[in-house]
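Numbering (my numbering), first residue to last: 90 to 295. Note that CB positions come from ideal geometry on N, CA and C, so glycine has one too.
If you want it as structure tokens, here you go:
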């Protein structure tokens, strides 16, 4: 949905800087940085995201019985989507609590329940797939992952395939670049750099 991509640009949840790239935690140099946590501060944007995710889940994963949010960024979106779909919600911590009952999953999850996890951003898929593994450990049947934005990295496709879980996002890198072009935010040189990064992020030269 290019409209969602345009919204992310408008509220500066996504920043494009091909000439002075960002450095991700993984060490990858990137011309784009996405912080979808900002979306929760914009009621109209977050509502469109929630509606979009709800429709996406109904279309892609119609058997869903439980909506799960990944801590922390996926939790608010999971709550809004669960409300729209009138479904139970749980959330998955990045690691088990070190006190109390030591839970990693909060909320009620019955063994075998068909679960869709929501995350705000898909880069390589590493963090959300850890949440998938945690949910499976509690005997959830994870039928899919839904997100707001995907960088469309080959590593994500490989990792989700290896984990045997499908994923879908509302918008992605390709749509975002198209939206930025429509807003006349990109020079020809910028566009060339952005497209080159999309093809080969690891060996990208800026």
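- Inside the region 211-248, DSSP marks whole alpha helix (DSSP H) runs of 4 or more residues at positions 215-226, from first to last along the chain.
- Residue 107 counts as buried, since no fewer than 16 other beta carbons sit within 10 angstroms of its beta carbon.
- If the five residues before and after residue 204 are omitted, its C-beta is found closer than 8 Å to the C-beta atoms of 153, 154, 155, 156, 157, 179, 198, 224, 229, 230, 231, 232, all from its own chain and listed in chain order.
- It is roughly 10 Å from the alpha-carbon of residue 122 to the alpha-carbon of residue 240.
- Residue 237 places its beta carbon 7 Å or farther from that of residue 129.
- Exposed is the label assigned to residue 247, since fewer than 16 other Cβ atoms lie within 10 Å of its Cβ.
- Segment contact: the region 160-178 against the region 202-221, three or more CB-CB distances shorter than 8 Å; contact assigned.
- Taking the Cβ atoms as the reference, residue 110 lies roughly 11 Å from residue 104, outside the contact range of under 8 Å.
- No Cβ-Cβ contact shorter than 7 Å links residue 215 with residue 249.
- Pairing residue 290 with residue 117, the inter-Cα distance amounts to about 7 Å.
- Between the alpha carbons of residue 167 and residue 260 lies a distance of about 17 Å.
- Between residue 98 and residue 269 the beta-carbon gap is near 6 Å, inside 8 Å, which marks them as a contact.
- Collapsing the DSSP output to three states places residue 257 in a strand.
- By the criterion of a C-beta distance shorter than 6 Å, residue 264 is surrounded in its chain by 91, 94, once the five residues flanking it on both sides are discounted.
- Bridge partners of residue 106 according to DSSP: none are assigned.
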